[in-house]
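Take this note's numbering: the last position of the sequence shown gets the number 360, and nothing is skipped along the way.
Just so it is clear, CB atoms sit at the ideal spot from N, CA and C, and this is done for glycine as well.
Single-structure report; data block below.
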Amino acid sequence: MVVFGVSLVCAATAVGILIPALRRWQIIDVPNARSSHDAPVPRGGGIGVLVGVAAGVLAASLADSTGATDGAGALAWVPLLVALVMGVLGLVDDMSSLAGGVRLAVQAVVFVVAAWIVAGAMSDPPVAAWVFVPCAAFVCVGFVNAFNFMDGVNGISSLNAIVSGLWFAWIGTSQDVAGLLVPGLALAGASLGFLPWNAPRARVFLGDVGSYAIGALIAMMAVVGWSQDVPLALCVAPLAIYVADTAWAIVKRARGGRALMDAHREHVYQRLVDGGWSHLAAGLTTAGASVLCVLAAVLLQHQPALVALAAMALVAALYLSLPHFVPDHDRVNQS
């Protein structure tokens with residue numbers, strides 16, 4: 026719990042210090058067609074989350090009581106370093122709006138290298154390295170961008186990061202994967218530290234620096250788990266809802282002949298907010314669906330992998346259907 030507490034306090038403090046600085050530096054999110062807010066808000070609060078995560082991992086390393094630096098536990102540093110690199114990429118994007126092709130190219134290179142490093146630490150590989158590396162890199166690139174797309178209402182990213190962090194910390198303990206316990210606790214603590222600054226009223230947004238970094242950290246923890254022979258369903262459970270929501274939005278736009286990369290409001294959480302739900306209600310619903318996915322993975326972990334994956338697909342399908350049941354009423358006040 027030391028890791029969790031250190032990350033929480035450091036993140037909350039860092040974000041509070043950052044907000045006036047972001048205003049001075051004019052790093053501001055201006056509302057557009059995709060936005061769920063109607064006033065400019067500073068973005069870049071994800072820097073504080075990164076500070077919190079790094080502080081938690083460093084505290085564990087100095088205490089040397091969690092295995093964070095011994096044997097397979099050294100893998101705890103791989104997700105953190107990748108998250109740091111992705112955070113820098115996101116910060117540059119926040120400040121200068123990089124071209125999409127440049128972002129994807131950098132992400133691909135970083136994740137291929139990271140997957141190759143993780144593959145080199147595999148003692149009992151689940152698949153051959155030449156299969157593991159491209160598959161892991163593809164999943165990571167896809168999830169980082171999905172996490173970025175899903176970061177559109179107050180609290181949603183923090184809530185889902187808390188679920189994911191606690192989940193991977195549990196896997197680290199239950200499956201004896203030291204490389205997951207520390208970063209999982211650090212992510213959960215830092216995300217909880219950021220949450221009051223972002224919900225219910227947003228005083229700061231994560232920005233691309235935060236969404237890229239958190240998405241990368243979650244994706245890399247899934248990769249590390251898979252590399253250490255954790256069942257695939259357990260590894261992907263907290264990723265399922267974000268991937269499903271993003272994939273479904275892309276499919277709908279493709280079928281409608283609309284540009285895939287243009288700003289839009291076709292994600293489930295956006296449609297819930299447009300139907301009158303509060304930001305926090307939409308975020309809690311998305312996080313709740315993720316909780317159902319991880320519970321399904323736990324309850325069915327001794328069944329064939331396809332059974333657990335099918336259960337998660339059912340949860341995702343129910344989540345995707347929610348907008349059809351949202352009553353048409355006036356919007357509640359949005360923050």
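Boundaries of the alpha helix (DSSP H) in which H304 is found, first to last residue: For the purposes of this step, residue 304 is taken as the residue at position 279 of the sequence shown. Segment 304-324, the alpha helix (DSSP H) holding H304.
Inter-residue spacing [alpha-carbon to alpha-carbon] between Y237 and V351: Locating residue 237 in the sequence shown gives position 212, counting from the first residue. Locating residue 351 in the sequence shown gives position 326, counting from the first residue. Computed Cα separation, rounded: 30 Å.
For I53, the residue or residues it bridges with in DSSP: Position 28 of the sequence shown holds residue 53. Answer is P67, bridged to I53.
Exposed unless 16 or more other CB atoms sit within 10 angstroms - verdict on Q328: For this step, residue 328 is matched to residue 303 along the sequence shown. So Q328 ends up on the exposed side.
Nearest residue (CA-CA) to L305, options V76, A146, W222, G209: Translated into the one-based positions of the sequence shown, residue 305 becomes position 280. Minimum Cα distance to L305 is reached at W222.
Rounded straight-line distance, which links the Cα of M246 to that of L259: In the sequence shown, counting from the first residue as 1, residue 259 sits at position 234. In the sequence shown, counting from the first residue as 1, residue 246 sits at position 221. Straight-line Cα distance between these residues: approximately 11 Å.
C-alpha distance - A128 paired with L184, whole-angstrom precision: Counting from one through the sequence shown, the residue named residue 128 turns up at place 103. Counting from one through the sequence shown, the residue named residue 184 turns up at place 159. Note that residue 128 is Arg in the sequence shown, not Ala. Separation of R128 and L184 (C-alpha to C-alpha, rounded to the nearest whole angstrom) is 26 Å.
Where G125 falls, given that 16 or more other Cβ within 10 Å makes a residue buried: Taking the sequence shown and counting its residues from 1, one reaches residue 125 at position 100. Residue environment analysis places G125 among the exposed positions, since fewer than 16 neighbouring C-beta atoms fall within 10 angstroms of its C-beta.
Reference S189; option with closest CA among V110, V261, D119, H62: Translated into positions along the sequence shown, residue 189 becomes position 164. Of V110, V261, D119, H62, the residue nearest in Cα terms is V261.
Rounded Cβ spacing between V207 and A85 (contact assumed at less than 8 Å): Position 182 of the sequence shown, counting from 1, holds the residue named residue 207. Position 60 of the sequence shown, counting from 1, holds the residue named residue 85. Indeed they touch by this definition, with Cβ atoms about 5 Å apart.
Alpha-carbon to alpha-carbon, A36 and V340: The residue you call residue 340 lines up with position 315 of the sequence shown. The residue you call residue 36 lines up with position 11 of the sequence shown. Taking the Cα positions, V340 is about 32 Å away from A36.
C-beta atoms of A338 and A265 nearer than 9 Å: For the purposes of this step, residue 338 is identified with residue 313 of the sequence shown, where counting begins at 1. For the purposes of this step, residue 265 is identified with residue 240 of the sequence shown, where counting begins at 1. Yes. Within cutoff.
Secondary structure of L33, DSSP reduced to three states: Translated into positions along the sequence shown, residue 33 becomes position 8. L33: helix per DSSP, three-state reduction.
Cβ contact (3+ pairs, closer than 8 Å) linking the region 213-222 and the region 73-82: Counting C-beta pairs closer than 8 Å gives three or more between the region 213-222 and the region 73-82, which meets the contact rule.
The region 103-112 / the region 131-149 touching (three or more Cβ pairs under 8 Å): The region 103-112 is in contact with the region 131-149.
Buried versus exposed, by CB contacts within 10 Å (16 or more), D63: Residue 63 sits at position 38 when you count from the first residue of the sequence shown. Classification for D63: exposed.
Cβ neighbour criterion (16 or more within 10 Å) applied to S346: Counting from one through the sequence shown, the residue named residue 346 turns up at place 321. Exposed, because fewer than 16 other Cβ atoms sit within 10 Å of the Cβ of S346.
Contact test: T311 Cβ vs the ligand ADP heavy atom, cutoff 8 Å: As presented, the structure is devoid of all ligands, the ligand ADP included, so that no description of it is given.
Beta-carbon proximity list for N358, same chain, < 6 Å, skipping 5 on both sides: Position 333 of the sequence shown, counting from 1, holds the residue named residue 358. Residue confidence is low: N358 scores 42 on pLDDT, short of 50, so the model does not pin down where it sits. Its coordinate-derived value is still stated next. No residues qualify anywhere along the chain.
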